[in-house]
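Residue numbers (the numbering used here): 13 to 519.
This is the structure in structure tokens:
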């Protein structure tokens, strides 16, 4: 038996009617007859196309305020009938059940209604019953039936009709079934998550927008991105964005969102290697680059200010992968677009997710995003010496940086400039030594600089090492059973220290 099936009868039941008329007219031209209900039937007839009502097929009206319309054996029997099963065919003939070869469904907008803040009863009424049942029935019987489960499949079906007429292959029908189950599982996940209300009783995450990447973290690994990248960014030019680019872009956005002053940051492998806040963008760029001009090569650049020509001329001297800004002056773009592989992004005003998760072992870890950032009022002075006014600004500046740096992390800063960072070390002492060595290698004077730590100091060794190079103000969470030892050392050596009470581990 051939796997080519002709579409003769279509059941159409949709909530949104936009972009549907062209498809319906094409189906009619191919000799397909329609069965429908209520508003969809009226829409089809408004196109001057004949349509049989579901009520005339089932001999039952739409009841319970429209909750029950298509849930009937004459509908589902016509969808689920196996055309190669003699018993099925005998029963459909006995009960006068017409075969339905195509189902077009558009589910009630549950996600949109829930996101709108509507009342509970309004949200409940947008849980589709008949539509989701039609999708599952038609997709299950893909050997004989085509299922179009959302507006996203209108165009593929129209193209199929244009190329092949009203007939489909098994491969075609299986593809539409796969897409349909993606729609139904996404819909059910949204309903569960609304009922769960972040209780965490089960993990359900669904995203339909898949992008195949060139590869994963390394060339031998497959990579995919699931999400609406275009909602957050407009890509003006450049090569295809890679897996590692996306990781850096995510880190860059999270970091720059911490700052209100004009700020420029340079990142490599998800960590800042340069960052400065200044009144002028060109000064912010120059001082960010000075933080580590070596690591800046091939990095990801981000600013929270419109990028101008003067700054673009300086940036253009550096090889970099990605640049992100809220906008660009025309003459700045003329400079930056000289090298066509550069990825140039405009960051739009959108919110990032408040939940984070990653796969590990045989499960998934889920947590709230670290949205906590401390203000001056959150600082607790624990030493006799108080930080100077300018140092308080630097301490808060450094705390934002250390929050967005891989643990164990130490940040050294002065004058709202990142002097150096110690990143991802197995001991906090090693992180500090790494930062000091890097700062000194680029000629920075650490006298009067501040130090930020992502977690508490278990011993006074870090403040001792820092004090020996001129650092005299420290910010850290506190909470060690040996805090008194660290505080005593600071008091004895004229070092100011404030605690925040908030740890910022990042792994």
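All residues carry an ideal CB built from backbone N, CA and C; glycine is no exception.
Would you mind working out which of the options sits nearest residue i, comparing C-alpha positions?
i, options, result
"residue 202", "216, 403, 264, 395", "216"
"residue 26", "48, 369, 440", "48"
"residue 247", "213, 281, 340", "340"
"residue 489", "39, 384, 396", "384"
"residue 233", "103, 93, 372, 254", "254"
"residue 287", "172, 211, 430", "430"
"residue 465", "434, 301, 452", "434"
"residue 165", "347, 401, 145, 116", "116"
"residue 510", "175, 450, 418, 403", "403"
"residue 326", "352, 342, 296, 518", "296"
"residue 307", "280, 318, 299", "280"
"residue 439", "474, 83, 450", "474"
Run through DSSP, which three-state label would residue i get?
i, result
"residue 501", "helix"
"residue 425", "strand"
"residue 394", "coil"
"residue 219", "coil"
"residue 283", "strand"
"residue 13", "Confidence at residue 13 is low in this model, with a pLDDT of 44, below 50, so its placement is unreliable and the value that follows should be read with caution. If DSSP states are grouped into helix, strand and coil, residue 13 belongs with coil."
"residue 367", "strand"
"residue 340", "strand"
"residue 22", "strand"
"residue 45", "strand"
"residue 350", "coil"
"residue 377", "strand"
"residue 99", "helix"
"residue 225", "coil"
"residue 357", "strand"
"residue 2", "Only positions 13 to 519 of the chain appear in this structure, which leaves residue 2 out of reach."
"residue 528", "Since the first residue shown for the chain is 13 and the last is 519, residue 528 is missing from the structure and cannot be characterised."
"residue 278", "strand"
"residue 247", "strand"
Do residue j and residue i come within 9 Å of each other at the CB atom, strictly closer than that value?
i, j, result
"residue 61", "residue 32", "no"
"residue 315", "residue 378", "no"
"residue 225", "residue 235", "yes"
"residue 289", "residue 392", "no"
"residue 283", "residue 302", "no"
"residue 322", "residue 294", "yes"
"residue 100", "residue 158", "no"
"residue 443", "residue 425", "no"
"residue 170", "residue 29", "no"
"residue 79", "residue 147", "no"
"residue 356", "residue 349", "yes"
"residue 512", "residue 487", "yes"
"residue 162", "residue 200", "no"
"residue 90", "residue 103", "no"
"residue 501", "residue 472", "yes"
Let me confirm a value: residue i is counted as buried when at least 16 other C-beta atoms fall within 10 Å, else exposed. Which label applies?
i, result
"residue 52", "buried"
"residue 516", "buried"
"residue 395", "buried"
"residue 122", "buried"
"residue 536", "Past the edges of the chain, shown from 13 to 519, lies residue 536, and the structure says nothing about it."
"residue 454", "exposed"
"residue 75", "exposed"
"residue 494", "exposed"
"residue 34", "exposed"
"residue 354", "buried"
"residue 414", "buried"
Do the segment 61–74 and the segment 118–133 make contact, defined as three or more Cβ pairs closer than 8 Å? Touching, no.
Would you check if the segment 16–25 and the segment 167–181 touch, i.e. whether three or more CB-CB distances between them fall below 8 Å? Between the segment 167–181 and the segment 16–25 there are three or more C-beta pairs closer than 8 Å, enough to call the two in contact.
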